[in-house]
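Input: a single structure, listed below in structure tokens.
In the working numbering, the protein residues as written are 10 to 150.
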């Protein structure tokens, strides 16, 4: 083609229409890409907001669990002190019981000795002989 050749207005118009249509197509594609990018940006923003909310919930959950742990540690300390107190009390009771058994052992032996005396023939005969005197003493008083 020769550059010096005149261009007809119809050809020029046709070229302009073709170029305009091509630009429209490219503009539509670009707008579609922008729309997809905006949508991706909105999704990313929503994801970031959701992640931040989830992080906040996790922080609250961690704080709740931390408080439960602190309370359970305190309860464990209280229970340990309580158990130690009970063990000391049990030890004192066992010591008191053994001391009581030690102190009452002579009394038990004496009681058994008295039972043997009361069951002896000598005691029964003496009691039978003293019965009239006991009756007279009761009547006198």
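Ideal placement from N, C-alpha and C gives every residue a C-beta, glycine not left out. None of the values given here were measured: they were computed from a predicted structure.
Item to check | Extent of the continuous alpha helix (DSSP H) to which residue 16 belongs | outcome: Working through the chain shown from its first residue, we reach residue 16 at position 7. It is not in any alpha helix (DSSP H) - residue 16 carries neither H nor E in the DSSP assignment.
Next on the checklist: Could you compute how far the alpha carbon of residue 146 sits from the alpha carbon of residue 139?
Outcome noted: For the purposes of this step, residue 146 is taken as the residue at position 137 of the chain shown. For the purposes of this step, residue 139 is taken as the residue at position 130 of the chain shown. Between the alpha carbons of residue 146 and residue 139 lies a distance of about 11 Å.
Next on the checklist: Taking the straight line between their C-alpha atoms, what separation do you get for residue 121 and residue 150?
Outcome noted: As a position in the chain shown, residue 121 is number 112, starting the count at 1. As a position in the chain shown, residue 150 is number 141, starting the count at 1. Each residue's alpha carbon lies about 32 Å from the other.
Item to check | Which of helix, strand or coil DSSP assigns to residue 129 | outcome: For this step, residue 129 is matched to residue 120 along the chain shown. Here residue 129 sits in coil by DSSP.
Checklist entry - What separation, rounded to the nearest whole angstrom, lies between the Cα atoms of residue 88 and residue 60? => result If you number the chain shown from 1, residue 88 lands on position 79. If you number the chain shown from 1, residue 60 lands on position 51. Residue 88 and residue 60 have their C-alpha atoms spaced approximately 41 Å apart.
Checklist entry - Got a sec? Which residues, its chain only, sit under 6 Å from residue 37 by beta carbon, not counting five neighbours each side? => result The residue given as residue 37 occupies position 28 in the chain shown. By the criterion of a C-beta distance shorter than 6 Å, residue 37 is surrounded by no residue of its chain, once the five residues flanking it on both sides are discounted.
Next on the checklist: Can you give me the C-alpha to C-alpha distance between residue 117 and residue 109, rounded to a whole angstrom?
Outcome noted: Walking along the chain shown from the start, residue 117 turns up at place 108. Walking along the chain shown from the start, residue 109 turns up at place 100. Distance between the alpha carbons of residue 117 and residue 109 is about 12 Å.
Item to check | Nearest-angstrom Cα separation, counted from residue 83 out to residue 105 | outcome: If you number the chain shown from 1, residue 105 lands on position 96. If you number the chain shown from 1, residue 83 lands on position 74. Separation of residue 105 and residue 83 (C-alpha to C-alpha, rounded to the nearest whole angstrom) is 33 Å.
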